[in-house]
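Here it is as structure tokens:
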């Protein structure tokens, strides 16, 4: 025991901290870092998997970023080095902007509703949780069917009830991405678990104390529930962001790997996949992967920075300084 | 306390190390299970994968050489096909003692990743197939040239239909021997014709009145709206079509254009692969015909209507809303007797030049360059292409065997399944193949086909996009030329 | 409390807490009902597709209830029967073929020589309900799902144990200690999921092949013992909602870090741990992408790989795919339903006041 007094309290704490996270560090060094650097290496090569990679300097990166100025000035997308890359980025961003806030808000309020003491609450929760359990491929097939403009579930009902011709949904370039957003909302119950866990973690004596002070429901919500839930919201925001940028499986199934119609659902990861496994351009795919990585990393950093402002931790380390 | 943490971590890492040292157990196979070959020793670092050093496993007497046939890049993954393939493998293994054959069946969606992983890891399969011409072309740089093997064994290719052997030959390099052909023709729905009161199309291959113009006429007569007005009538309501006259959207643009017999057929470049000719006048005429078919004449469905006809992406013909459908024989490997209407076959029409070209698909097998035991693979390949095995495989896949000697047997087997259909249409169609094939190789094959040409097709089929063939093809030509220029700059 | 001043004109509108809470509950139930209906309808559609057969899906897509036309045999052919309106009387006749003008040629099966050409829209097609439960039977028996289930359970329990253990340790480390590089490391942790997995697939495959883990369950289980970004992040968020006073109290009582973790943090974060377990189970149950590449022979496959292969084999048979998918969701749903008990308990108090 006397040995330990050589280290200062602070150093001891910091060493303990590192020790606790050492399993992850070990795993990272063994499983993750190799493949990550391999893919970084690939991004500087032409690599068709079948033959060894051929170093091409920054050619892949140049291809993506060339022609931006000319294209902006002349409004002509064919001047871009790779117009399809930018199309895929646009599609992904559009989806992210639509799906992320909706998913967060709807998920949160759903969890709040399902946290009430209402009869059969277990049943309700199970019903909402049901869609997120269905395998992504089946969900995509099912909704591909539901959205079918002629024999699906939606358009015949729309035409019968509203007497208006329904849109082309997935077959219409303007409706394709919103259709995917709707499909994603069907599975919003999956994130509900985390919100529920978070809501359960709010101590009830906070609410009791507030009631004694005369706060009504709205005030209790704004001043207790919401702040206490910010760590969970933060979690869902960051992971949601990372997830929507990598949206792949469902789109692949619904569009048969094409990203149609006319590339309106050609998500970033889908185009990446096409490059990797169809066009024999694994090097270019790696370039795309790392560019996405940088983009998401920057966005995540911004969110983390902002978290000092709006995220409240009861047990935050800041209070300990 | 700290010691405890340290110990725990050591245990974790130790467990992992022990597991890592465990040797892989050889896999147990069940007759129906797809099986993998044993992983040979690889000595390269994982990051830079050079072509793995080919170390032949010590061939002790009595030890069989493994030949893996990788199925999944084309057809061959239906349950019935899997059973038949495994039966074929059993047949081979029971009659050969030096080589052991296994069919490795991978679902199409994962086949590329799996194949790439196997090749990168040094365990490339010995044979690939059945692969269409398109797939074979994608692997041009990684398939073995079969010409030396053919010459070494004096392999007789005369029994194959002439063009069949050359379909996979590029610049003298033959990268795949053909298993079977899938000629194309028209399937027509008798009920639909009855509903419109129009005579069935001719089945006589030599009838010169059956031209593209006549096709359009008939198709318009057979297209009906909800009030049973045909597309030729002035009261036709294009917003409420219940029955379409003709469809060919399963095929690519290259396949479409073949009907017009352009100078380079369905190849979007000149024969030296350096110049893009996507806006060749014949291409423009052909594409405009299709574009008008959808948006002016209304006898062909657009993408929204197709998804209504074909919700499972299986086929638009089976839903009884299409009068004529251009397709190939592989469609007949499904059970067409279940269709809820009567149907028959008609030939592709003559084009405006008075000739006729019907695009053909073909399936074959190829040998990856990086595989081991290539000689044994060649032996298996020859066996697969022997007439009786060839016939069996074609029965499974729905192709017409590429060997002329099996024609009678094949016809008989088809007649058993489809007694009342005119099968001569199929065999006549084989004589009007397209060379160069519409699926043949071009540089950056997948890039040109998927990025540019599929996009063009998507534009023509989707409402609200540019439907003028000339403007679309002119833009596409610029893109294809750019791809070609980039390719030739580095090759 | 409710205003009892009789002079207030809108007295009746000022509600007490009881009534307010009841109104909230009613409102909640109403919203939930609407949402639940919207959630269930696609599922019913899925069920309907799963109970049809291929012919019904193609030719009768708009009917939710699987049905098939009643046919009669005439001259060796099976023709669909209609209830036909003929001169005021209705009889059953068979449709021979279509005719122009939206008409059909009908014949009486008993008297096939006589044909009647009538408008199709005026006649009623006859159907009988035909449900195809054999789709489910095929879905269950087409592949050795028993083996797959065992493999999946191995991944779930062994991997789940490793996951919970390692993620708790790592999350505790990130949330309760101050160290110089911890923030950077945390970002590094998150960054591991920012790189799309497609480009790491080949290098990881080659790595696993070099150590001989291909075609075993090891690539799915062992990495679980080294924590992963999602669960560590979630647990870290939860740990950070637990006030430090509890830690301090434990320290005063003489607990070291590990004891604090086990006796203070874990009980407080129980809902989060259950969530981690559920998510791991779902991952083991549904994830197929990497297992499909790592597991070669059928006896090592998991349920997800089996389902994915099934989908691929029966690609255009929507009814079979739907049936198989429905079968696959039953265990997770049952599990979730039973795990509800934890979520309803919640955390009543922190164990001390002040």
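Residue numbers (my numbering), protein chains in the order written: chain A, 88 to 408; chain B, 10 to 500; chain C, 1177 to 1530. Cβ atoms here follow ideal geometry from the backbone N, Cα and C, with glycine treated the same way.
Considering only 185/B, 267/B and 325/B, the residue with the shortest C-alpha distance to residue 310/B is 325/B. Here residue 1350/C is buried. Its C-beta has 16 or more other C-beta atoms within 10 Å.
In this structure, the straight-line span from the alpha carbon of residue 447/B to that of residue 383/B is close to 30 Å. In this structure, residue 1499/C lies away from residue 1219/C, with their beta-carbon atoms at least 8 Å apart.
DSSP places residue 195/B in the uninterrupted beta strand (DSSP E) bounded by 193-198. In the three-state scheme derived from DSSP, where H, G and I count as helix and E and B as strand, residue 362/B is classed as coil.
By the Cβ criterion, the segment 236-245 of chain A is in contact with the segment 304-320 of chain B, since at least three pairs of Cβ atoms, one from each stretch, lie closer than 8 Å. Residue ranges of uninterrupted beta strand (DSSP E) with 3 or more members, entirely inside the segment 115-142 of chain B and ordered along the chain, are 136-141. Rounded to the nearest angstrom, the Cβ distance from residue 1447/C to residue 220/A is 19 Å, too far for a contact under 8 Å. For residue 278/A, the closest C-alpha among the options 304/A, 312/A, 320/A and 247/A is that of 320/A. Contact check between the segment 338-353 of chain B and the segment 423-430 of chain B: three or more CB pairs, one atom from each, fall below 8 Å, which counts as touching. Following the DSSP letters along the chain, one finds residue 79/B inside the beta strand (DSSP E) bounded by residues 74-80. Non-local C-beta neighbours of residue 1260/C in its own chain, meaning closer than 6 Å and more than five positions away in sequence, comprise 1267, 1269, 1282 and 1299, ordered along the chain. If the five residues before and after residue 1273/C are omitted, its C-beta is found closer than 6 Å to the C-beta atoms of 1281, all from its own chain and listed in chain order. Along the segment 1215-1228 of chain C, none of the residues has a CB nearer than 9 Å to a CB of chain B.
Each of 1258/C, 1232/C, 1236/C and 1241/C was checked against the Cα of residue 1224/C, and the nearest Cα belongs to 1241/C.
Closest option to residue 471/B, judged by alpha-carbon separation, among 196/A, 161/A, 258/A and 315/A: 258/A. For the pair residue 1380/C and residue 1208/C, the Cα-to-Cα distance works out to about 44 Å.
In the DSSP assignment, the residues bridged to residue 1304/C are 1244/C. Residues of the segment 83-94 of chain B with a Cβ closer than 8 Å to any Cβ of chain C, in chain order: 86, 87, 88 and 91. Taking 7 Å as the upper bound on Cβ-Cβ separation, chain B lies near residues 1273, 1274, 1275, 1276, 1277 and 1278 of the segment 1270-1296 of chain C. For the 8 Å CB-CB criterion, residue 161/A and residue 143/A do not form a contact. Residue state for residue 183/B is assigned as strand, using DSSP reduced to three classes. Taking CB atoms only, residue 1366/C has a neighbour in chain A less than 8 Å away. Residue contact check for residue 366/A against chain B: a CB pair falls below 8 Å. Cβ-Cβ distances below 7 Å link residue 1323/C to 1475 in the same chain, with the five nearest sequence neighbours on each side left out; the list follows chain order. In the DSSP assignment, residue 285/B is bridged to 278/B.
Cα atoms of residue 143/B and residue 370/B: separation of roughly 9 Å, rounded to the nearest angstrom. Secondary structure within the segment 1246-1334 of chain C: the alpha helix (DSSP H) runs of 4 or more consecutive residues, fully enclosed, are 1310-1317 and 1321-1330 (chain order).
Note: residue 132/A is bridge-paired with 142/A in the DSSP secondary-structure output.
A direct Cα-Cα distance of roughly 21 Å separates residue 350/A from residue 330/A. In the DSSP annotation of this structure, residue 1465/C is not part of any beta strand (DSSP E); the continuous alpha helix (DSSP H) holding it starts and ends at 1465-1470. For the C-beta of residue 129/B, the chain A residues within less than 9 Å are, from N- to C-terminus, 136 and 137. Within chain A, 222 have C-beta atoms less than 7 Å from the C-beta of residue 1504/C, given in sequence order.
In this structure, the straight-line span from the alpha carbon of residue 128/B to that of residue 377/B is close to 9 Å.
Using a Cβ-Cβ cut-off of 8 Å, residue 1235/C counts as an interface residue toward chain B, since at least one Cβ of chain B sits closer than that to its own.
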